[in-house]
Structures are given as C-alpha cells and as structure tokens.
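Each residue of the sequence shown is one higher than the one before, starting from 5 at the first, in the working numbering.
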Amino acid sequence: MNKLILFLLLAVLSFSTLSAQTDIASINAANEYVSKEQWDNAITAFTDLIARDKYNGQFYLSLAESYYNKKEYKKSIENYMKGIEVGSFANVAAYNIACCYSLMGDAENTIKWIKTAEKYKYSNMEDALRKDSDFKNMLTNVKFKEYITPGNYSGSQKIERWKADITYLKERMEDTHYRIFDVLTKEQWDNEYSSLLNKIDGLDDEHIMTELAKIIASVGDGHTILFPSDKSDYKFQGYLIKFYKFKDGLYIKGITPEYAQYTGMKVTKIGQMTTEDALKKIAEVVPHDNIFGIDWKSVSYLTYNFCLYGLGINNSKDALKLELEDENGKKVNAEIKKAETDFLSSFHSSNPEGFVFANEKSSNPLPLYLKNASDNYWFEFLPDINFVYMQVNAIQNKKEEKLKDFYNRVFRFIDSNNVEGIIIDLRLNGGGNNQLNKYLVNNFIRHEKLNQKGKVFTIIGRNTFSAAMNLTSDLENNTQTIFIGEPTGSRPNFIGEINFIELPYSGLKVSASSRYWQKAASEDNRKWVFPEIYTPLSFSDYKNNVDPAMNAIYEYINYMKVK
C-alpha cells in the first residue's frame, strides 16, 4: 500500500475549499481520526462528508484508506474506484487497488490493476512490487511471477535471458513512459527492438548494452536513462578521467596522479576516431533534452568502456587509447587503464579524491563556482559590489539545514545588511526536488525592492537540468533576473521524472520518464533558455581560474553605476 496518499490527503484536506454542505470542523475531525488511526470513526466521518459532498475525491481516497486498514478490502477498492472517477491521484489509487486484490489472493485482478497504475504513470513500480509487503503472498503465484520475471532461464541461457530483458523493457516502457512516441514513431520504435533481437545472437554483453543505450537515448528526453546493474557482470566500468568540452575543444580537465602528465592536454583522438567523430558517435547513447545536454553528459559517456567499445570508438575493453596535444602543439599518445575500483562512485563525485586538475597550478584563487562545488547550497557576501553570491548545486535539503531555511537566511542577511542585489548560480545544478523551488520564488515576491532589473542575475549552463530547469523557468516567470552563462541543458516544457524499470535478469535499470513539466505557455517550443549574456568557458579560462560569467556580471553592474 502506498502510504504517501495519507500524507497528501491530510495536506490537501486541511486546505480544502468548503462547499455549502461541508464545514471545516467536520473535515478537521475526520483528519484527526485518520492521524490517530481511529479507523471506525474515520469511516463514519468520511462517509458523512461524502453524503454532503460527493465530488470531493479526497474524501473517497481517505475512506478507502480507512477501510484498507480495517482489512475490508472490497469496500476499500470500491472507494478507490470512486476516487479515480472524480480524478484524484488515479495512479496511487490504482496501485492501492492492486494491493487490496493481492491481499485477497486475486492474482488476475492484482496484475490488471498494476497495469492500470502503470498507465496512470505510477512511478518505480518494479521496486514497489518487490518491496511492498502487500504483494508478499503473490510472490509464489505463477501468473504474478511470470509478470514480474517473465520466463525461467538458467544461467547458461544468456542470450535467452537478454531477449527476455529486452522484450520486458519494451513493454514496460510503453506502459510507463509519459509519451514514448514524442520523438520516435511507433514504427521506428518497434523496428529498433526487432533489429536488436534479430542480431543479438552474434553480440557480446558490451554491444548488447550499447544497443540498449542507443534505443533508450533515441526516445529523446534527458530523464530516460540506462543505469548500471548491481550485479557484477553488468556494473558500468570505465576510466578515471575528467573530460570537458570547452568552447575551444575537448580537454582533460582532471585525472588520477598515475597519469598526471596528461592533465590539461587537448584531446585530438579517442581510440580509432578523431575527437569530433567520437563526440558525434557517443551522442547516439547520451540521453538528452537538447544539444547542450549532450555536451554536458557526453563527457561521462566517453569514460564508459562498454559504449566506447560497443560503438567502435575504442577497440579495447580494458584500456582507453588517446591522442593528445600539449600546450606547444606536440602530439602525445596515451593509454589509460580501466579502473579497478568502484568507478562510478569515484567518477561522479564533484571533486574526486586524489584527482589532479588542470587549474591547480594557477596563481589565481578558485572562482566562486568551484569554491564549494560539492556543497548543495551556500552563499557569500561580495562587498566590492554589495551583492550576495548564492550557489545552489542541488535542489535537495541538507541534514543540517533545509533549503527553505537557507533561502530565508539569505534574504534575512540581504535585509539586515542593505544588500543591493543577488547572483544565483545554477550552472552546476542537475536537479532534485522541484517542490522546494517555491521557497526561493516566495522570497522574491516578498522583496519587491530587490526584484528589479540589474539587481538579480542567474548563471545557467549545460548542467542546469530537471528541477534546476524548473527553477530557471520560475525565476524567468516571477523575477526580473538577467540570465548569464550558457544555454540550459533542458527546455522550459519537458518530459521528465526518474521512474525505474529493473530488468529481471541483467538487473540493469532504465528510467522511463513519467511526467510532463510545463513551466511556459503550451506553444513555447524553446529547446533551452538562452542567456541574455553568453559567456562560454574556454580551457584557458578554466586553467587560470577565470570565470567569464562573473566577469560579465561585474562589467554590467559597473556599467550601470557609471550610466
């Protein structure tokens, strides 16, 4: 049973608009019974509320929850169905109906309502089916087992297991993705899977995983992603190297000490391909909302050995061959061995321990955006311009301080110190919980004096994605901010949300985006938010700890003062 619904009901009902026949005292009393788990009283209270207001779907769902806790599953199902009829949380209601049928031992209807919940875009179904105790008695049922793990293949039947995974993935993506045929036609989609199944007998694991990654990327949104398995055979492996695509080319930004001599060199060849050709090729497996999202994510995919090998970029699974160019234009050949350690945890750290970075020898101090890059959020006062610099690297609460409290603290500082403006840096922000964005917007609504042209700047870039993209749109819609930097890695209106499908045999996980986020007019087809002041980063900027975005802001502020 999805207990989230109870929280939602309590939150929504407390602020429900009252009709002529309902009153706040009755609603509060019903909520109190639920919070105290007094299910008989809750059933009586919500039955009475429904008699007075049959259009409020929240009442039906809360009544269904009460019957569920009384183990009166038929009555629970009846009220969940009524909730769906009036349009209240249909995905969760359908899932909870499946739970009720499971507890009644009805496998056929359990599966039917699981599929219904998927069509309503219930997220992370596989995880729920394996962990929710309501399905425990279904795990021995033949029909249910066949649904969650189709076929029964031995370890020696590797290709048959791959075929079962691929077939399972196709069906589940069609059921759960918000709009699977937004970029591809159904014919193209079907042909991609048919082509893979037809040639799979001659492929090794790396080529099969690469073909799957290509199909998943072809869906055309940045949240539909292939993730590694927990099983040792299908974990992602790769090379501990940090590439970055600067405006003047692809460079090694950072690398482990073993290969420190290559730090800061320009990459002219990857495996058998020129860098230009390798970047075009790797784009085939990169999930993306737009071309800037490819620039952001492709540097990670260039370190995954399965797709470098599977795409024919590199002819080895164990060593990455590179042709490099030093600062004098001299060509250097390098061979980087595959990491023996936990590759992904080391690689995806903002500042991997032990890496040697190209800007370390600069006599200039670190630019603000690199100063605390691993911190979710922080701020600093800039007395020379009387502005606050606030960097938000993830839309996630920290243990020591919630994001809401952080925003409030920043604006209290602004008020107490008569600060003239604020710089919001979102260029490294890949997202999080967009429900937290309102707390920043609310502060701007309360600070009319600050919310003026030339007093609010927002730095964006290719890494500005997901909930950070939502925040960018919120700032565009509700503030007088001036955007600086590079175009965002997503668009104002996008299909997103991480929604995991776990493949039964390989254990690979695939996210099939399950929601549509609209932050602009329906006819707004922008593929990104483009900055008013475009400040792409060169390798020389990075190496010398120069931040062209902040330089542009200083120039703007000083110009306005003179003007």
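Virtual Cβ for every residue (Gly too), placed ideally from N, Cα, C.
Keep in mind it's a predicted model, so treat the numbers as computed, not measured.
Counting along the chain, V396 sits inside the beta strand (DSSP E) bounded by residues F391 to V396.
Per the coordinates, the alpha-carbon of D419 lies some 11 Å from the alpha-carbon of N447. DSSP, read as helix, strand or coil, puts R519 in strand.
About 16 Å separates the beta carbon of T476 from that of N455, a gap too long to meet the 8 Å contact definition. Here DSSP, grouped into helix, strand and coil, assigns F385 to strand. Fully enclosed beta strand (DSSP E) runs of no fewer than 3 residues occupy 229-231, 245-250 and 253-259 of the stretch 213-268, in order along the chain. Only exposed fits L143, as fewer than 16 other CB atoms lie within 10 angstroms of its CB.
P369 counts as exposed, since fewer than 16 other beta carbons sit within 10 angstroms of its beta carbon.
The alpha-carbon separation between E122 and H181 amounts to approximately 9 Å. Non-local C-beta neighbours of L440 in its own chain, meaning closer than 6 Å and more than five positions away in sequence, comprise I399 and L407, ordered along the chain. Burial check for N202: the Cβ neighbour count within 10 Å stays below 16, so the residue is exposed.
Between G316 and the set Y248, M277 and E327, the nearest pair of CA atoms involves M277. For M277, the three-state secondary structure derived from DSSP is strand. Given a length threshold of 3 residues, each whole run of the beta strand (DSSP E) inside the stretch 390-452 is given here in chain order: 391-396 and 425-429. Secondary structure at V514: strand, using DSSP grouped into helix, strand and coil.
Beta-bridge partners assigned by DSSP to L324: I340. Sequence-distant partners of N45 (beyond 5 residues in either direction) whose C-beta falls short of 7 Å from its own C-beta, in its chain, are Y37. G61 is bridged by DSSP to nothing; it lacks a bridge partner.
When C-alpha distances from E331 are compared across F383, V271 and N309, the shortest belongs to V271. Counting C-beta pairs closer than 8 Å gives three or more between the stretch 241-257 and the stretch 301-315, which meets the contact rule.
Between N6 and V96, the gap from beta carbon to beta carbon is short of 8 Å. Within the stretch 468-543, the runs of alpha helix (DSSP H) at least 4 residues long that lie entirely inside it are, in chain order, 471-482.
The Cβ-Cβ distance between E501 and S517 falls below 8 Å. Counting only residues of its own chain and dropping the five nearest sequence neighbours on each side, Y64 has a CB closer than 6 Å to the CB of N83, K86 and G87.
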